[in-house]
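I have placed the structure first, in the form of structure tokens, so that the comments after it can refer back to it.
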Amino acid sequence: MNTMQTEVAIVGGGPAGLMLAIELGCRDIPCVLLEEDADPPAFPKANATSARTMEHYRRRGFSDEIRALGLPPDYPQDVVYCTQLAEHELARFRIPSRGEAARRSEAGGHAPDNAGDYGSDAWPTPELPHRVQQMLIEPVLRRRAAAYPSVRLCLGQRAVAVEQDEQGVTATVEPEGGGQAWQLQARYLVGCDGPRSLVRKSLGVGYSGQGSEQRDFFGGQMLSIYFRSRRLYDAIGKQPAWQYWAVNARQRGLLIAVDGIETFLLAVQLAPGQAPGDIDPVATAHAVVGREFDFELIDRLPWVAGYTLVADRMAGGRVFLAGDAAHLFTPTGGMGYNTSIDDVVNLGWKLAAVIQGAAPPALLDSYERERRPMALRNTAFARSMADSIGNLRAGADIEEESEAGVRARAELGRRLAAHVASEFNIPGLQLGVRYLDSPIVAVEPGPAPQDDPNRYVPLALPGSRAPHAVVRGKVLFDLFGRDFTLLAFGALPAGERQAWHAVADEYGLGLEVLELDDDAARALYGAERVLIRPDHHIAWRGRAGADARSTLARATGRGRMG
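So for the sequence shown, my numbering puts the first residue at -19; every next one is plus one.
Following this line, the structure appears as structure tokens:
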């Protein structure tokens, strides 16, 4: 067989694989990405990009490009619940449009425009969540990855076997359209190849958790119907929204606006024993809306809701798992794709440091230690939200035109209002990612702070995401270096600066020293010196004059990996 060699082989070219290629590419690490689909997806899938993912895209310089995709600039990104979509509105959670979010970002994360039901101060970030389909994001990620000279995208190529030994990993690859098989040899391999992951199976790793739980909605066999309609908004007759939920005793459904003009995705649950082919898409769409309207079917796709699964291990030898290969969600909360991005951002800088000789291989042991707890955390949240909406039952009286109907709708509306705030106003879940039990993070005494998905308190505790601040009129994140950054509040003596650079140079680490004379930022970070990792998590904080060698040694896996 013909053989290609590289440093990192990436199996799977969805958002996780592509973002990993970007993280490696920006550090000049040779990598080859194998993706069996030559073209990006043409069917809507993930449609919610978290604030944290948008921050990661900002780190790499293309959050504006992602923000420009999706619904029209001033289209509300609201979530609305109705009996039928053209009938009684029960609850609405107001979310700023992408135009409002972009203006907020330009203002350094302040809210000059309407903050909707988020609240003006609940999301201390320059990047609010964004609503855009994965099928629009992937072409951007492909272009960004391909722009790096060290990245090679092998599209239309499918890995069919993976083997490893002490020296490296070999993937056997077959062209999707037929042709001669070939081999890809690498020092490390990362499986981003989805729930049926060949890479996970090659490690002998299984999923643990809940599989295909049954609920009245979002539990069991589902069908997504992708269609076009020019008159649907007129039929609904309400202020536009990003998500429309039909909640009644006859036909539940979730309608998602794809372009805000004429394309939509409708998700419905199949009844026991019902097959996708048994569904009449036109009649089903009319039943969810409660009105007839023009309908042009584009495509349909069956899928299964009810998964809360996490791989028993996320690494084995020289092979790592990320994305759906490592965890599988029911889509409530929209955290599947976003957890995947966080995985590879965490892994990318570590692989680069080890390959460049700036850290020992022991650094890679911290990947599973840090990311698997986050997978368990996030899948548990998604499951709780699926239970909250999926097991909520609506009686027939909510559609009655009577006093009893008014009361029933008011009560259901209160329950839905509580649910929607719990599912969508989640700054703690998105911004509160932290690695407090990590072997490469400094330990501070005291109890761990509460992890509340609906409330985020800016915290500079080691292991936490570095809190957002504006200094010198600029977003602090934007001043960080590509790799490690030492924040120095107050004067930094020349000898101390030299000591940090000397250790970084000895290790081969990139280290940016950022001196700040900003009392508010200093109070926020709570220390004179703060070491920021390449993924913008805090590795350590302490006093001026601290020992640079022991601090950098721990942050790069040279310390005791207990």
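We put the CB at the ideal spot given by N, CA and C, even for glycine.
Counting C-beta pairs with one atom in each stretch, the segment 472 to 489 and the segment 425 to 445 have fewer than three that are closer than 8 Å, which means they do not touch. Between Gly217 and Ala226 a beta carbon distance of about 14 Å is seen, past the 8 Å cut, so the two are scored as non-contacting. In this model, Leu532 and Glu15 are separated by some 37 Å (Cα to Cα). Nearest in C-alpha terms to Arg138, of all of Leu121, Arg122, Val149 and Gln163, is Gln163. If you ignore the 5 residues before and after Ser85, its C-beta comes within less than 7 Å of the C-beta of Pro106 and Glu107, all in its own chain and listed in chain order.
Beta bridge pairing from DSSP links Thr63 with no other residue. Partner residues in the beta bridge of Tyr187, as assigned by DSSP, are Ala291. For Asp323, the enclosing alpha helix (DSSP H) covers residues Gly316 to Ile335.
One thing to note: Val149 has its Cβ no nearer than 8 Å to the Cβ of Tyr128.
If you draw a straight line from the Cα of Ala401 to the Cα of Tyr224, it is about 15 Å long.
Just measuring C-alpha positions, the residue of Gln113, Met(-1) and Ala166 sitting nearest Pro10 is Ala166. In the DSSP assignment, Asp279 falls within the beta strand (DSSP E) that extends over Glu276 to Ala285.
Annotation: the segment 17 to 58 contains the following complete segments of the alpha helix (DSSP H) (minimum length 4 residues), in chain order: 31 to 39 and 43 to 47.
Glu118 has its alpha-carbon roughly 10 Å from the corresponding atom of Ile46. Within the segment 94 to 166, complete alpha helix (DSSP H) segments of at least 4 residues are found at 114 to 126, given in chain order.
The alpha carbon of Asn(-18) has as its nearest neighbour, out of Asn94, Pro447, Pro155 and Val170, the alpha carbon of Pro155.
Here Trp222 is buried: its Cβ has 16 or more other Cβ atoms, across all protein chains shown, within 10 Å. The beta-carbon separation of Leu4 and Leu331, rounded to 7 Å, stays under the 8 Å limit for a contact. Sequence-distant Cβ neighbours of Val185 in its own chain, meaning closer than 6 Å and more than five residues away, are Ala291, Asp292 and Arg293. Looking from the CA of Arg513, the closest CA among Ala528, Phe460 and Ala471 belongs to Phe460.
In the three-state scheme derived from DSSP, where H, G and I count as helix and E and B as strand, Ser418 is classed as coil.
According to the DSSP assignment, His266 belongs to no beta strand (DSSP E) but to the alpha helix (DSSP H) extending over Pro261 to Val269.
By the neighbour-count criterion, in which a residue is buried when 16 or more other Cβ atoms sit within 10 angstroms of its Cβ, Asp279 is exposed. Following the DSSP letters along the chain, one finds His399 inside the alpha helix (DSSP H) bounded by residues Glu383 to Phe404. Annotation for Gly79: the continuous alpha helix (DSSP H) segment containing it runs Arg78 to Glu86.
By a beta-carbon distance limit of 8 Å, Ala151 contacts Val(-9). Their separation comes to about 7 Å. For the pair Leu183 and Val299, the CB atoms are nearer than the 8 Å cut-off.
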